[in-house]
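Taking it in order: structure first as structure tokens, then the write-up.
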Amino acid sequence: MNYLFRSLSFIICLLLIVGCQTTGTKESSSNQKSDPYTGEGPSSIDDSAKQYVFGWGMMPHDLAKPKGGTTRGAKIKLSQPIPVTAGQGHSKFEKDRLAILALAGDFKVDFHFMETIALTEAFEPRNGYNSWGTEHVHVLEDSGEFISLQHTLVMFFENENGISEPMVMKHWRQDWSYEDKIVYKFKGDLTWDRESLVDDEAQDTWSQAVFQVDDSPRYEVVGSWEHRGNLSRWVSNMDSRPLPRREYSQRSDYQLLEGEHQIILTPFGWVHEQNNWKRIDISKLDVAPTYLSQEFGINRYERITKPDVASAAKEYWQDSGDYWGAVRGVWRDLMSERESISLHSKVDGKSQYVVHFQNAETAKDVIETARQSVMSFIK
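The working numbering puts the sequence shown at residues 820 to 1198.
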């Protein structure tokens, strides 16, 4: 069976699961400048209309319920836990490599985000975000000091006839480079600038470059792995990122994310924690910043044995891998040649991911089609 999408509605459905807010959920908004979380002042809310939420204390019931995907998926069977040994008996470099490779596998992923601190009077409290999906993460490339991991969403849905056939979509990618001295920094307005690191800045570090579902850049940040006993974690420097898909079409009250994050191995898989600052002013990134709020995010990757997400993912990559490889090749050339890259958000009314997903199904001359498609979005 061919698991490539035959309808963009499949894409939209999966993006709703993990990347967009579901429609029909009403956001709370107030013209009062009092704090609606405390119930004090003109917009006082009776305690019976509140619910305790970690990170805020008491807050109104309508804000306590998170937004996110509500689709029912197939039942999950978790893998048996595997103790984290932090690469005992290996060099620090090999421990780092083993930790990165441990991020591959089959996972149930839970996404949780919540704004926890208001930093301006203009901030309006909103619902948190919670969603989930199942995905396969495979090693695209491992050349020692470079490891590329590709995420693929594979969802089985419950319906009136039981469990659906798998819906499959290429998801994000993470490239890890040891002692990387060239990184692309997000500068806002869909622009990334090439920056160089000196030897001391790059020593014993790994950069993590994250790419969107269409293989365009998202962010790249340098960090270090730490291994102590049964603890293995990677901690990043501060970086800047575009608005996440769950918010970029929903909000206009901030322009980019700045944040630090860490990845922690667990006996059950791994956890990605984010500490994000939502920045308002980006016209001059070298001046003192103004932040709207702080957001905390925690994404849990739990290993699973059921449903079988690997088989459908592998078939998808057998069918479309040549095209996506060509797309990566175009981006690799661009990022090795250019000091700065700026993108159009849409061309002929289409986002870049829509163009590529369609091409992945239909393209004959994959190299030329990939090149023309990517270049059409370059300013």
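The beta-carbon is built from N, C-alpha and C at its ideal position, and this holds for glycine as well.
Do S1112 and F975 have their C-beta atoms within less than 7 Å of each other?
Stepping through the sequence shown from its first residue, residue 1112 is reached at position 293. Stepping through the sequence shown from its first residue, residue 975 is reached at position 156. Not a contact, by the Cβ cut-off of 7 Å.
Distance check for Q870 and V1193, CA to CA, integer angstroms please.
What you label residue 1193 is simply residue 374 of the sequence shown in a count that begins at 1. What you label residue 870 is simply residue 51 of the sequence shown in a count that begins at 1. Using only the alpha carbons, I get a separation of about 47 Å.
What's the C-alpha gap between E1092 and Y1142?
Within the sequence shown, numbered from 1, the residue matching residue 1092 stands at position 273. Within the sequence shown, numbered from 1, the residue matching residue 1142 stands at position 323. About 32 Å.
Which whole-angstrom value describes the C-beta separation of K887 and N949, a residue pair presumed to lie in contact below a C-beta threshold of 8 Å?
Taking the first residue of the sequence shown as 1, we reach residue 887 at position 68. Taking the first residue of the sequence shown as 1, we reach residue 949 at position 130. In the sequence as presented, Lys is not what sits at residue 887; that position holds Gly. Right, their Cβ atoms sit about 5 Å apart.
Residues in its own chain within less than 6 Å of S964 by CB, not counting five upstream and five downstream?
On the sequence shown, residue 964 is found 145 positions in, with the first residue counted as 1. According to the sequence provided, residue 964 is Glu. The question's Ser does not apply to it. Closer than 6 Å at Cβ, skipping near neighbours: Y997.
Run through DSSP, which three-state label would E1014 get?
As a first step, residue 1014 is located in the sequence shown; it is residue number 195 there, counting from the start. Residue state, collapsed to three classes: strand.
Check for me: the alpha helix (DSSP H) holding H1175 runs from which residue to which?
Stepping through the sequence shown from its first residue, residue 1175 is reached at position 356. Unbroken alpha helix (DSSP H) run through H1175: Q1171 to T1181.
Do R1098 and L1084 have their C-beta atoms closer together than 7 Å?
One-based indexing of the sequence shown puts residue 1098 at position 279. One-based indexing of the sequence shown puts residue 1084 at position 265. Not in contact: R1098 and L1084 (Cβ atoms no closer than 7 Å).
Thinking just about the alpha-carbon of each residue, which of P1036, K1125, R1052 and N1118 is nearest to the one in W1025?
For the purposes of this step, residue 1025 is taken as the residue at position 206 of the sequence shown. Looking only at P1036, K1125, R1052 and N1118, the smallest Cα-Cα distance to W1025 is reached by R1052.
Can you tell me where the beta strand (DSSP E) with F1005 in it begins and where it stops?
By 1-based counting over the sequence shown, the position of residue 1005 is 186. First-last of the beta strand (DSSP E) with F1005: I1001 to G1007.
With contact counted as at least three CB pairs below 8 Å, one residue from each stretch, are the segment 1012-1023 and the segment 975-985 in contact?
No: the two stretches stay apart, fewer than three of their Cβ pairs being nearer than 8 Å.
Just tell me which of H1163, S1164 and V1149 has its CA closest to the CA of R1157.
Here residue 1157 refers to the residue found at position 338 when the sequence shown is read from its first residue. Cα-wise, what sits closest to R1157 is V1149.
Below 7 Å CB to CB, which residues in the same chain sit around K1198 once its five sequence neighbours on both sides are set aside?
Counted from its first residue, the sequence shown places residue 1198 at position 379. Contacts found: S1161, L1162 and H1163.
For V1040, which option in Q1081, L1050, V903 and L972 has the closest C-alpha, if you only look at C-alpha atoms?
One-based indexing of the sequence shown puts residue 1040 at position 221. Looking at the Cα atoms, Q1081 is the closest of the given residues.
If we call anything under 7 Å between Cβ atoms a contact, is E934 one with E1134?
Translated into positions along the sequence shown, residue 934 becomes position 115. Translated into positions along the sequence shown, residue 1134 becomes position 315. Their beta carbons are not under 7 Å apart, which means E934 does not touch E1134 by this criterion.
Going by the beta-carbon positions, is the gap between V973 and H955 smaller than 7 Å?
Looking up residue 973 in the sequence shown gives position 154. Looking up residue 955 in the sequence shown gives position 136. The answer is yes: Cβ separation under 7 Å.
For D1138, which of N978, F926, M878 and K989 has the nearest alpha-carbon?
Taking the first residue of the sequence shown as position 1, residue 1138 is located at position 319. Cα-wise, what sits closest to D1138 is K989.
Buried or exposed: which applies to G1168, given that a residue is buried once 16 or more other Cβ atoms fall within 10 Å of its Cβ?
Counted from its first residue, the sequence shown places residue 1168 at position 349. Exposed: under 16 other Cβ atoms inside 10 Å.
What does the alpha-carbon distance come out to for the pair G952 and F912?
The sequence position of residue 952 within the sequence shown is 133, counting from 1. The sequence position of residue 912 within the sequence shown is 93, counting from 1. Computed Cα separation, rounded: 32 Å.
Within the same chain, show all residues whose beta-carbon is closer than 8 Å to that of P885, passing over the 5 residues directly before and after it, in chain order.
As a working note, residue 885 is residue 66 in the sequence shown. Excluding residues within five positions, the ones whose Cβ falls inside 8 Å are H931, M933, N946, G947, Y948 and N949.
Any idea which residues DSSP pairs N980 with across the strands?
Along the sequence shown, read from residue 1 onward, the residue named residue 980 stands at position 161. In the DSSP secondary-structure assignment, N980 is not bridged to any residue.
From M1057 to V1166, what does the alpha carbon distance come to, in whole angstroms?
For the purposes of this step, residue 1057 is taken as residue 238 along the sequence shown, with counting starting at 1. For the purposes of this step, residue 1166 is taken as residue 347 along the sequence shown, with counting starting at 1. Between M1057 and V1166, the C-alpha separation is close to 32 Å.
By the 10 Å Cβ neighbour count, where 16 or more other Cβ atoms means buried, how is D1033 classified, buried or exposed?
Translated into the one-based positions of the sequence shown, residue 1033 becomes position 214. With 16 or more other Cβ atoms within 10 Å, it is buried.
From V872 to H880, what distance separates their C-alpha atoms?
Along the sequence shown, one-based indexing puts residue 872 at 53. Along the sequence shown, one-based indexing puts residue 880 at 61. Between V872 and H880, the C-alpha separation is close to 10 Å.
Report buried or exposed for K845, applying the criterion of at least 16 other Cβ atoms within 10 angstroms of its Cβ.
Taking the sequence shown and counting its residues from 1, the one referred to as residue 845 is at position 26. Note that K845 scores a pLDDT of 36, beneath 50, so its modelled location is shaky; the value from the coordinates is reported in the next line. With fewer than 16 Cβ atoms within 10 Å of its Cβ, K845 is classed as exposed.
Do F1005 and R1064 have their C-beta atoms within less than 7 Å of each other?
Taking the sequence shown and counting its residues from 1, one reaches residue 1005 at position 186. Taking the sequence shown and counting its residues from 1, one reaches residue 1064 at position 245. Cβ atoms of F1005 and R1064: not closer than 7 Å.
State yes or no: is the C-beta of W1087 within less than 7 Å of the C-beta of E1045?
What you label residue 1087 is simply residue 268 of the sequence shown in a count that begins at 1. What you label residue 1045 is simply residue 226 of the sequence shown in a count that begins at 1. Residue identity differs from the one stated: residue 1087 is Phe in this sequence, not Trp. Cβ atoms of F1087 and E1045: not closer than 7 Å.
Return the first residue and the last residue of the alpha helix (DSSP H) that A880 is part of.
For the purposes of this step, residue 880 is identified with residue 61 of the sequence shown, where counting begins at 1. It is His, not Ala, that sits at residue 880 in the sequence shown. Looking at the DSSP string, the run of the alpha helix (DSSP H) that includes H880 is H880 to A883.
In the segment 1045-1132, which residue ranges form an unbroken alpha helix (DSSP H) of at least 4 residues, counting only runs that do not cross its ends?
1064-1067
Would D1184 be called buried (16 or more neighbouring beta carbons within 10 Å of its own) or exposed?
For this step, residue 1184 is matched to residue 365 along the sequence shown. Counting Cβ neighbours within 10 Å, D1184 comes out exposed, since fewer than 16 surround it.
Tell me the DSSP secondary structure of G1144 in three-state form.
The sequence position of residue 1144 within the sequence shown is 325, counting from 1. Here G1144 sits in helix by DSSP.
How long is the line joining the alpha carbons of K919 and D865, rounded to whole angstroms?
Numbered from 1 along the sequence shown, position 100 holds the residue referred to as residue 919. Numbered from 1 along the sequence shown, position 46 holds the residue referred to as residue 865. Checking the sequence shown, residue 919 turns out to be Ile, not Lys. Answer to the nearest angstrom: the Cα atoms are 49 Å apart.
Rounded to whole angstroms, what's the CA-CA distance from R1190 to I966? Just pull it up for me.
In the sequence shown, counting from the first residue as 1, residue 1190 sits at position 371. In the sequence shown, counting from the first residue as 1, residue 966 sits at position 147. Going from the Cα of R1190 to the Cα of I966 covers about 24 Å.
Can you find the residues in the same chain that come closer than 8 Å, C-beta to C-beta, to I1123, ignoring five residues on each side of it along the sequence?
To locate residue 1123, count along the sequence shown from 1; it is residue 304. For I1123, where only same-chain residues beyond five positions count, the Cβ hits under 8 Å are I895, K896, L897, S898, D925, F926, K927 and T953.
Given 6 Å as the limit, tell me if I982 has its C-beta closer than that to any heavy atom belonging to the ligand HEM.
With respect to the ligand HEM, the structure offers nothing, as it holds no ligand at all.
Tell me the rounded alpha-carbon separation between T1010 and S1071.
The residue given as residue 1010 occupies position 191 in the sequence shown. The residue given as residue 1071 occupies position 252 in the sequence shown. Cα to Cα, T1010 sits roughly 18 Å from S1071.
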